[in-house]
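Protein sequence lines correspond, in order, to chains A and B. Going by the working numbering, 291 is the number at position 291 of the first sequence; the sequence numbering is gapless. Going by the working numbering, 17 is the number at position 17 of the second sequence; the sequence numbering is gapless. Backbone N, C-alpha and C fix where the C-beta goes; we use that ideal spot for every residue, glycine too. If you're wondering where the values come from, they're calculated on a predicted model, not measured in any experiment. Okay, structure first, notes after.
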Amino acid sequence: MGKTLFEKIWDKHVVKQIEDGPSVVYIDKHFIHEVTSPQAFSGIEKRGVPIFRPQQIVATADHNVPTMNQELPIKDALSKFQVDTLIENCKKHGVELYGLGHKYQGIVHVIGPELGITQPGMTIVCGDSHTSTHGAFGSIAFGIGTSEVEMVFASQCIMQSKPKVMRINIDGVLKNGVVSKDIILYIIAQISASGATGYFVEYAGSAIRALSMEARMTICNMSIEMGARGGMIAPDQTTFDYIKGRLFAPQGADWDQKLVQWSALYTDADAKFDVEINIKAEDIEPMITYGTNPGMGLSVRGTLPTMERFSDATEKQNYEKALKYMGLTAGQSLLGMPVQNVFIGSCTNSRIEDFRLVASIIKGKQKDPNIKTLIVPGSQEVAKQIKAEGLDKIFADAGVEIRQAGCSACLGMNEDKIPAGEYCISTSNRNFEGRQGAGARTLLASPLTAAAALLTGKITDIRDIL
Amino acid sequence: MQSLQKISSRFIPLRIENVDTDQIIPARFLKATTKDGFGKNLFRDWRYENDDENKPKSDFVLNQKQYSGAILVAAKNFGCGSSREHAAWSIQDYGFKVVVSSFFADIFKNNALNNGVLPVTVSDAFLQQIFAQGAEDTLTVDLAAQTITIDATGALETFEINSYKKTCMLNGYDDIDYLLNMKSEIEAYEKK
Ligand code: SF4
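Structure below.
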């Protein structure tokens with residue numbers, strides 16, 4: 001029997017299979033950031049062991065960084081201490097750091113691919129659940145806890161039980177106004193926030209093949225929001241074209257050899273998945289979430305579930321709790337509802353294509369006067385490219401400021417937060433209670449839907465203004 | 001890591017589904033560089049009004065005096081969301097040794113196991129039986145036998161855990177000890 005893409009890579013990386021236990025899996029690349037690494041560094045120091053393979057680690061500072069005046073010292077003392085601790089630890093242990101002020105700094109899941117560090121066939125981990133992003137290149141990439149960061153420091157290996165495999169096929173052609181963020185929000189709304197727990201997901205089908213690398217990253221990024229360990233897409237010409245020529249991409253004869261290896265990375269025709277799901281691209285509408293987990297999403301023209309939809313008492317209670325937090329009522333529609341904030345950024349949608357998309361919508365127009373914006377590139381490189389392409393002018397003319405690279409309002413950890421009680425259309429990946437700041441009400445959507453709200457001040461179907 | 005063998009305790013019923021790690025420990029508490037003291041911020045925003053420790057929310061179970069114990073019982077999909085191990089640290093630091101749910105998110109499950117907190121997955125029906133118990137009733141979790149018992153009724157269910165993790169937990173070993181002993185095998189793998 002043939003193998004799935006996942007199995008091909010997994011099998012190659014198993015150093016040892018513990019009987020009735022996890023596998024010891026070798027890790028090719030380990031990304032770290034300031035939040036989930038300090039206790040791992042002190043852990044190995046306490047054990048008195050060195051970092052086993054420091055040259056396979058890349059560090060950046062992203063979660064805590066301000067997105068304005070980055071040249072000044074970080075104001076928040078605890079944030080500053082955490083970022084300083086990372087600098088200190090990287091220096092001490094010989095780990096490459098693209099920290100604040102470095103031209104390669106940015107959100108860890110944006111810089112890895114952009115620098116050509118992320119490559120097909122690799123195993124990649126990071127103490128961050130959205131590590132699944134890197135799976136877009138046909139790698140096994142997943143988030144780990146800090147104890148596991150310590151394991152990789154100590155041994156370049158991790159203990160993992162082999163997950164089950166699921167394939168989601170999306171065939172057909174996307175409707176006008178529908179982009180990759182809508183695909184993944186649609187999938188999660190269909191299978192729920194826990195629908196893929198225990199699985200590694202492969203996305204396949206003609207609609208996926210037609211996507212750019214950046215669009216594929218958006219999809220793999222949110223795999224974790226349906227509980228999946230990770231998501232992946234078989235590499236193809238689009239992948240190879242994207243990687244070629246990037247800073248850390250293989251070159252010369254090495255490139256030719258890699259290309260041969262990478263071209264063998266696909267699921268065999270007779271391979272078996274534990275679960276397969278088929279979706280028609282034509283069924284997907286521009287999506288938005290209404291609740292407090294990413295599975296609570298619907299078409300921007302849809303209506304919220306009515307109370308009668310829930311038979312189970314706990315489910316009903318949970319739905320009521322979410323509605324109360326969000327200030328919404330069962331059965332209502334969202335279209336036309338005023339919002340106060342628009343956040344365009346995060347490792348889901350902060351790449352150059354996202355900014356091109358938004359610029360194409362707002363070009364020559366003015367933002368709604370009541371809208372507050374946080375428009376945040378994912379990396380210094382993206383910021384540079386925005387300028388090079390003159391997109392910054394389009395934003396400025398629309399009355400919108402572009403900030404500096406970082407996680408920003410994706411999580412309420414740095415200075416950028418959404419005020420309590422206010423709505424925010426956000427291109428990020430989580431709408432949990434308090435995620436964007438205590439009491440903040442997050443509505444997840446695509447960059448197109450966010451751009452539409454930027455102009456109208458309301459939840460808008462992008463197709464009405466295209 | 002602390003070992004865990006058998007425990008009988010009252011439990012705290014958290015009848016909420018999809019409890020994500022942002023609720024278990026909000027992002028603003030992730031600025032620490034040590035593992036200590038997270039317990040006081042466990043479920044912070046559900047526990048206190050306006051982040052004020054003098055204003056506990058009376059509708060939240062951790063603030064309800066009748067409930068106590070080292071076992072947390074939660075509705076399905078517990079620990080979803082971020083990979084932050086701070087969630088496991090806060091649960092452990094608060095004093096929980098076992099978390100029971102009908103469904104756990106993967107990363108949380110690993111993080112809990114790596115910190116000596118045992119995640120016990122039970123059936124939906126059994127979870128409902130636990131929720132139906134009174135505040136004084138106790139549960140017994142026996143790791144060696146892989147059983148969980150509602151002491152008042154004698155109702156019992158077995159739970160799954162792989163034998164490697166079970167041995168680690170019973171003895172308080174962690175994975176890093178194991179991996180450090182494998183160094184030559186890892187080096188041999190690298191040369192392949
Ligand atoms: S952008 Fe958001 S989800 Fe992505 S790494 Fe940063 S905090 Fe995590």
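Residue i burial status per 10 Å Cβ neighbour count (16 or more: buried)
i         : result
Pro338(A) : exposed
Gln237(A) : exposed
Gly48(A)  : exposed
Leu434(A) : Note on identity: in this sequence residue 434(A) is Gly, with Leu being the wrong assignment. Counting Cβ neighbours within 10 Å, Gly434(A) comes out buried, since at least 16 surround it.
Arg403(A) : buried
Thr306(A) : exposed
Gln92(B)  : buried
Pro22(A)  : buried
Gln23(B)  : buried
Ser139(A) : buried
Ala154(A) : buried
Ala27(B)  : buried
Glu469(A) : In this structure chain A extends from 1 to 466, so residue 469(A) is not present and cannot be described.
Lys469(A) : No answer is possible for residue 469(A): the residues shown for chain A start at 1 and end at 466.
Asp59(B)  : exposed
Three-state secondary structure (DSSP) of residue i
i         : result
Met326(A) : helix
Tyr173(B) : coil
Thr292(A) : coil
Lys91(A)  : helix
Tyr266(A) : coil
Val15(A)  : strand
Ile187(A) : helix
Arg10(B)  : strand
Ala453(A) : helix
Tyr104(A) : coil
Cys407(A) : coil
Gln70(A)  : coil
Asn414(A) : coil
Pro470(A) : Here chain A comprises residues numbered 1 to 466, so residue 470(A) is not present and cannot be evaluated.
Arg28(B)  : helix
Thr60(A)  : strand
Thr36(A)  : coil
Thr147(B) : strand
Amino acids of chain A, ordered along the chain, whose beta-carbon sits closer than 8 Å to that of residue i
i         : result
Phe103(B) : Ser194, Thr197
Asn63(B)  : Neighbours of Asn63(B) on chain A: none; closest Cβ ~17 Å, over 8 Å.
Lys165(B) : Gly21, Pro22
Asp106(B) : Pro163, Thr197, Gly198, Gly227, Arg229
Chain-ordered neighbours of residue i on chain A, where CB pairs are closer than 7 Å
i         : result
Asp52(B)  : What Asp52(B) touches in chain A: nothing, since even the nearest Cβ is about 12 Å away.
Asp175(B) : Met151, Met159
Neighbouring residues, chain B, relative to residue i (Cβ below 7 Å)
i         : result
Leu78(A)  : Lys31
Asn341(A) : What Asn341(A) touches in chain B: nothing, since even the nearest Cβ is about 17 Å away.
Leu38(A)  : This sequence places Pro at residue 38(A); Leu is not what is there. Chain B residues near Pro38(A): Thr33.
Neighbouring residues, chain A, relative to residue i (Cβ below 9 Å)
i         : result
Asp45(B)  : Glu433, Gly434, Ala438, Gly439
Asn171(B) : Under the 9 Å cutoff, chain A gives no residues; its nearest Cβ is about 14 Å from Asn171(B).
Asn115(B) : Gly145, Ser147
Asn41(B)  : Within chain A, no residue comes near Asn41(B); the closest Cβ sits about 13 Å away, beyond 9 Å.
Chain B residues whose Cβ lies nearer than 8 Å to that of residue i
i         : result
Phe81(A)  : Lys31, Thr33
Ala154(A) : Ile176, Leu179, Leu180
Within chain B, partners of residue i - CB distance below 9 Å
i         : result
Pro120(A) : What Pro120(A) touches in chain B: nothing, since even the nearest Cβ is about 19 Å away.
Residue i at chain D interface by Cβ criterion, 9 Å
i        : result
Ala88(B) : No chain D is part of this structure, whose protein chains are labelled A and B.
At a Cβ cut of 9 Å, what residues of the region 176-198 of chain A count as close to chain B, listed as they run along the chain?
Ser192, Ala193, Ser194, Thr197, Gly198
Residues of the region 177-189 of chain B whose Cβ lies closer than 8 Å to any Cβ of chain A, in chain order:
Tyr178, Leu179, Leu180, Met182, Lys183, Glu185, Ile186, Tyr189
Flag this pair as touching only if the region 394-409 of chain A and the region 101-118 of chain A have three or more C-beta atom pairs under 8 Å; answer yes or no.
yes
Identify each residue in the region 14-34 of chain A for which the Cβ-Cβ distance to at least one residue of chain B is less than 7 Å, and report them in chain order.
Val15, Lys16, Ile18, Asp20, Gly21, Pro22, Val24, Tyr26
Take every Cβ of the region 83-98 of chain A, pair it with every Cβ of the region 225-245 of chain A, and state whether three or more of those distances are shorter than 8 Å.
no
Per the contact definition of three or more C-beta pairs closer than 8 Å, is the region 169-188 of chain A in contact with the region 208-220 of chain A?
yes
Select from the region 15-34 of chain B all residues with a C-beta closer than 7 Å to any C-beta belonging to chain A, and list them in chain order.
Arg15, Ile16, Glu17, Asn18, Asp20, Asp22, Gln23, Pro26, Ala27, Arg28, Leu30, Lys31, Thr33, Thr34
Output needed in chain order: residues of the region 383-415 of chain A with a Cβ under 8 Å from some Cβ in chain B.
Leu411, Gly412, Met413
In chain order, what residues of the region 423-446 of chain A put their CB closer than 7 Å to some CB of chain B?
Arg430, Phe432, Glu433, Gly434, Arg435, Ala438
Taking a cut of 9 Å between CB atoms, which residues from the region 75-86 of chain B lie near chain A?
Ala75, Lys76, Asn77, Cys80, Gly81, Ser82, Ser83, Arg84, Glu85, His86
So, does the region 437-449 of chain A touch the region 276-288 of chain A, judging by three or more C-beta pairs under 8 Å?
yes
Quick one: which residues of the region 125-148 of chain A get their C-beta closer than 9 Å to a C-beta of chain B? List them in chain order.
Cys126, Gly127, Asp128, Ser129, His130, Thr131, Phe142, Gly143, Ile144, Gly145, Thr146, Ser147, Glu148
Using a Cβ distance threshold of 8 Å, determine whether the region 201-208 of chain A contacts the region 160-179 of chain A, with at least three qualifying pairs required.
yes
So does the region 79-92 of chain B actually touch the region 110-123 of chain B, counting three or more Cβ pairs closer than 8 Å?
yes
Chain B contacts made by the region 301-318 of chain A, where a contact means CB separation under 8 Å:
Thr314, Glu315, Gln317, Asn318
Any contact of the region 380-399 of chain A with the region 354-367 of chain A, i.e. 3+ C-beta pairs under 8 Å?
yes
In chain order, what residues of the region 47-64 of chain A put their CB closer than 9 Å to some CB of chain B?
Arg47, Val49, Phe52, Arg53, His63, Asn64
Assess contact between the region 52-67 of chain A and the region 129-138 of chain A, defined as three or more Cβ pairs (one per stretch) separated by less than 8 Å. Is contact present?
no
Any chance the region 165-184 of chain B sits against the region 2-13 of chain B, with 3 or more Cβ pairs inside 8 Å?
yes
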